[in-house]
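Trainee: These protein sequences, in sequence, are chains A and B. Residue numbers are given in this note's numbering: position 472 of the first sequence equals residue 476, and the series is strictly consecutive. Residue numbers are given in this note's numbering: position 175 of the second sequence equals residue 198, and the series is strictly consecutive. Beta carbons are placed, not taken as given, at the ideal position from N, Cα and C, and that holds for glycine. Note that the structure is a prediction, hence the values are computed from the model and not measured. Just dropping this structure here.
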Amino acid sequence: MSDSVPSQEPIVAGSVSKSSETPFPHANIKSFSDVSAGMRSKLWWIALLCSLVSLGLFWYAKQGSGELIIIDFGDSCGLKPEDRMKYRGVEIGAVEKIELNRDQNGVSVHVRMTPLARSMAAEGARFWVVRPSVSLDSIQGLDTILGAKYLAMEPASSGAKIASRFQGLESSPIATPREGSLEIFLDASTRGGLESNAPVLYRGFRIGQVVQVGFASDARTVQARCAIDPEYRDLVRKNSKFWNRSGWRLDVGLTGIKLDADTLAQMMTGGVEVATPTDPDQNVSTGHRFKLYDKPDSDWNSWQPSLAHGQAWNRVATGMPQPIRIAMRWQERSFGFRKNQQIVGWCLPLSDGKVLCLSEQTIPPKSALPDSLVFELAGQSIPGGQLSNITAGATELANSAKASRFSTHEPLPSDVVRWPTHLVAETLPDKVCDVFLAHPDSNSVLPIASARLTVSEQGWIVDDMITLGLDYHGIPVLSAESSKVIGLVVLFKGKATVVAP
Amino acid sequence: MLKACHCCGLIHQVAPLQANELALCTRCGTVLDEFQKNRRSQGRTAASAVGAIVLFPAAILLPILEIEKLGHHHRSSILGGIIDLYQSGSFLIATVILLFSIVLPLLKILALIELSWLCSMQQHHRARTFRWMEQIGKWSMMDVMLLALLVMMIKLSGVVQFHFGPALVAFVLCVTMSMISAICFDPHAIWETP
Chain A
5 MSDSVPSQEP IVAGSVSKSS ETPFPHANIK SFSDVSAGMR SKLWWIALLC SLVSLGLFWY
65 AKQGSGELII IDFGDSCGLK PEDRMKYRGV EIGAVEKIEL NRDQNGVSVH VRMTPLARSM
125 AAEGARFWVV RPSVSLDSIQ GLDTILGAKY LAMEPASSGA KIASRFQGLE SSPIATPREG
185 SLEIFLDAST RGGLESNAPV LYRGFRIGQV VQVGFASDAR TVQARCAIDP EYRDLVRKNS
245 KFWNRSGWRL DVGLTGIKLD ADTLAQMMTG GVEVATPTDP DQNVSTGHRF KLYDKPDSDW
305 NSWQPSLAHG QAWNRVATGM PQPIRIAMRW QERSFGFRKN QQIVGWCLPL SDGKVLCLSE
365 QTIPPKSALP DSLVFELAGQ SIPGGQLSNI TAGATELANS AKASRFSTHE PLPSDVVRWP
425 THLVAETLPD KVCDVFLAHP DSNSVLPIAS ARLTVSEQGW IVDDMITLGL DYHGIPVLSA
485 ESSKVIGLVV LFKGKATVVA P
Chain B
24 MLKACHCCGL IHQVAPLQAN ELALCTRCGT VLDEFQKNRR SQGRTAASAV GAIVLFPAAI
84 LLPILEIEKL GHHHRSSILG GIIDLYQSGS FLIATVILLF SIVLPLLKIL ALIELSWLCS
144 MQQHHRARTF RWMEQIGKWS MMDVMLLALL VMMIKLSGVV QFHFGPALVA FVLCVTMSMI
204 SAICFDPHAI WETP
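Take a look at the structure:
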């Protein structure tokens, strides 16, 4: 049949064209390109692609949003769905929904955390709603007055187990005291208007804050936990006195009315004042208990001890050795000419008139001309013959650098700071301790933790992690424990070593 | 077989075509017929309509736009936006948008699939469906909405921050596919298929 149909068609068409007066023209027949021949199947491929795209988008929308955690709060505090969770100002999640919990005594906030931040929500993480809070001390969360509220968090310590349900805090947590703070306890008979975040003042200057106020464990006293900032911990001594400065005091007497209030903030939150006697006792360590007096004795305000304070390393700052520059100049003969040479370094004048420095500063090379040796220090020029070398029993180093002491015939000028001789250790201690490199430039004084030091035959080797400039060559090393000079720094081939003085 | 040219109206005799052949008007050059024209156009229409319909859920359900203004975030899909409008009481606007951006486009795509692929209806029903589809097609405004999104982005970009969601990709593709489908559809196929 299929063969016969094409053969019939032209005959019929032909008969039409013959029989009618106006024959219809035959349409032009062209063969079309093969490209469109495959069109039908291609479009089905595109349809398949579309469904893949659709599925992919659903998957992406689900994937990108991250996992859900639930935080229980007593109150939603104006938090709304789609509000953000931020950590250090960066968005790490979004509130998905807020609902009343089953017992109807709180709300459950469902938060979708971004996948990267998920590990932060582990056991021990703390969450709170950031709200504007205006106190006399500070204004916080100002961005949430107009803008949306947001959740903030403090991640758990690393390695904690990941959890998905948390109990939120009602208010932002008290800032944890800075590292190195001195935490002490004050016992008072009554609270006396003291509140957490109240300042601890020394001569009216804020040196720390009250972290927490509560009963002592047996409720016999009120106990205030205070954190003294690390740079001021030396102001508090064992015989320091604390008294409550809360609120204001109005004295009406014959001489008139006396209003005693310091700052507005102190009037509201209270404060603790501390004074240290003129003959200060030893430093206290964290956990020390003081009695909190209601008011100061009359002489407490007149105490004027001189106390070193500052950064943590400055604990020894009252007596930092002050090394001075020393130059050894000599002449050498080379190719018949006299050539000037010099070595410049640090030395430490001692109270017994001697000078402590590296032996390379005092021993000229063999090639030096004997009468040309001159030492220059503290503005003085001393001919080499006038020096009496006393070499301390120092350990030999690869470059024969060791500490030596010498005395000059003429005393050094009186304005040179001398370091007491009894504060120079004979040898390096057996065990490493925290040390300071006593650079005369106070900004360059470098603390080195004991963990960075290792004992070796030559002395204490400083960890490669600490890079010391050539400027530290010959600098005295001060022990943080004993406040004694325990050695000198030697830089040799990029390695820093502490050698005995 | 006699065929009138769509363009100039000249009636031609068209011989049955072999593979890879097409018939052209002698006067104006318009394509009169091609090999298996109906099947091919139906295939194209059906394929792109199916492509459009699989993208449709992604386009209306996934978030299309995220607006951030003064720290307040709002993220919504097309359907979510309509629900929001209902909840805030704007019934008229919500209904208009629901009708013209979801219901009518969906009906149009479904009608195209039925006419080109399923062919479950009788011929005169299909003709009626086609005419009906022609009418609703004018009212489905998916492509117009895309334009509105762009205008909004340009106008408001100083005041609020915009982030487009994954649905935008699906939406653009869905509009494109339904347009291709409508272009490929050849109404002659309704009557010419036995």
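1. Alpha carbon to alpha carbon, what distance is there between B/Ala46 and A/Phe28?
2. I'd like to know whether the C-beta atoms of B/Ala212 and B/Leu138 end up nearer to each other than 9 Å.
3. Are there 16 or more other CB atoms within 10 angstroms of the CB of A/Glu95, so buried, or fewer, so exposed?
4. Would you tell me roughly how many angstroms separate the C-alpha atoms of B/Trp162 and B/Ile120, rounded to the nearest one?
5. Taking only beta carbons into account, state which residues of the region 110-123 of chain A come closer than 8 Å to chain B, listed in chain order.
6. For A/Leu155 versus A/Val115, is the C-beta distance shorter than 9 Å?
7. What residue from B/Leu108, B/Leu78, B/Leu129 and B/Phe114 has the CA that sits closest to B/Leu196's CA?
8. For A/Gly97, write down the residues that DSSP places opposite it in a beta bridge.
9. Let me see if you follow: with CB-CB separation under 9 Å, is A/Tyr91 close to chain B or not?
10. Please confirm whether B/Leu138 has its beta-carbon closer than 9 Å to some beta-carbon of chain A.
11. Cβ closer than 8 Å: which chain A residues qualify as neighbours of B/Met202?
12. Out of A/Gly383, A/Glu336, A/Leu352 and A/Leu381, which has the shortest C-alpha to C-alpha gap to A/Pro1?
13. In the DSSP output, what is B/Gln184 paired with across the bridge?
14. Closer than 7 Å, Cβ to Cβ, to anything on chain B: give me those residues from the region 52-86 of chain A, in chain order.
15. Which residue from A/Asn109, A/Pro159, A/Phe131 and A/Ala231 puts its Cα closest to that of A/Ala121?
16. Any idea if A/Met469 is buried or exposed, counting beta-carbon neighbours within 10 angstroms, 16 or more meaning buried?
17. Near B/Glu57, which residues of its chain fall below 6 Å by C-beta distance, leaving aside the five closest residues on each side in sequence?
18. If you draw a straight line from the alpha carbon of A/Gln286 to that of A/Arg241, how long is it in whole angstroms?
19. Excluding sequence positions up to five away, which residues of its chain have a Cβ less than 8 Å from the Cβ of A/Val378?
20. For the putative contact between B/Ala190 and B/Ile87, defined by C-beta atoms under 8 Å, what is the C-beta separation to the nearest angstrom?
21. What residue range does the alpha helix (DSSP H) around B/Ala42 cover?
22. With the cut-off set at 9 Å, would you say A/Val214 and A/Leu239 are in Cβ contact?
23. Between the Cα of A/Thr501 and the Cα atoms of A/Lys488, A/Met89, A/Pro480 and A/Pro325, which residue gives the shortest distance?
24. Cutting at 7 Å between CB atoms, please list the residues of its own chain near A/Leu495, excluding the five before and the five after it.
25. Can you name the residues of chain A whose CB is closer than 9 Å to the CB of B/Pro80?
26. Please confirm if A/Trp48 has its CB atom under 9 Å from at least one CB of chain B.
27. Mind checking the region 94-109 of chain A against chain B and listing, in chain order, the residues whose C-beta falls within less than 8 Å of any C-beta there?
28. What's the gap between the Cα of A/Ser483 and the Cα of A/Ile347?
29. Using only the alpha-carbon positions, how far apart do A/Tyr297 and B/Lys92 sit?
30. At which residue ranges does the region 126-175 of chain B contain complete alpha helix (DSSP H) runs of 4 or more residues, listed in the order of the chain?
31. Could you check the C-alpha separation between B/Val54 and B/Lys26 for me, to the nearest Å?
32. Taking its Cβ as the centre, do 16 or more other Cβ atoms sit within 10 Å of B/Gln59, making it buried, or is it exposed?
33. Does DSSP put A/Cys54 in a helix, a strand or coil?
34. By DSSP, does B/Ala193 sit in helix, in strand, or in coil?
35. Going along the chain, which residues of the region 320-352 of chain A sit with their C-beta nearer than 9 Å to a C-beta in chain B?
36. Mind listing the chain A neighbours of B/Glu11? Cutoff is C-beta to C-beta under 7 Å, in chain order.
Mentor: Taking the structure as given:
1. 14 Å
2. yes
3. exposed
4. 11 Å
5. none
6. yes
7. B/Leu78
8. A/Met89 and A/Met117
9. no
10. no
11. Simply none; closest approach about 13 Å.
12. A query on residue 1 of chain A cannot be resolved here, the shown segment of chain A reaching from 5 to 505 and no further.
13. B/Glu91
14. Cys54, Ser55, Val57, Ser58, Leu61, Phe62, Tyr64, Ala65 and Glu86
15. A/Pro159
16. exposed
17. Leu45
18. 6 Å
19. Met332, Arg333, Trp334, Ser385, Ile386, Pro387 and Gly388
20. 4 Å
21. B/Ala42 -> no alpha helix (DSSP H), and no H or E assigned at all.
22. no
23. A/Pro480
24. Leu472, Leu474, Tyr476 and His477
25. Ser58 and Phe62
26. yes
27. Ala98
28. 27 Å
29. 53 Å
30. 127-136 and 146-162
31. 11 Å
32. exposed
33. helix
34. helix
35. none
36. Since the first residue shown for chain B is 24 and the last is 217, residue 11 of chain B is missing from the structure and cannot be characterised.
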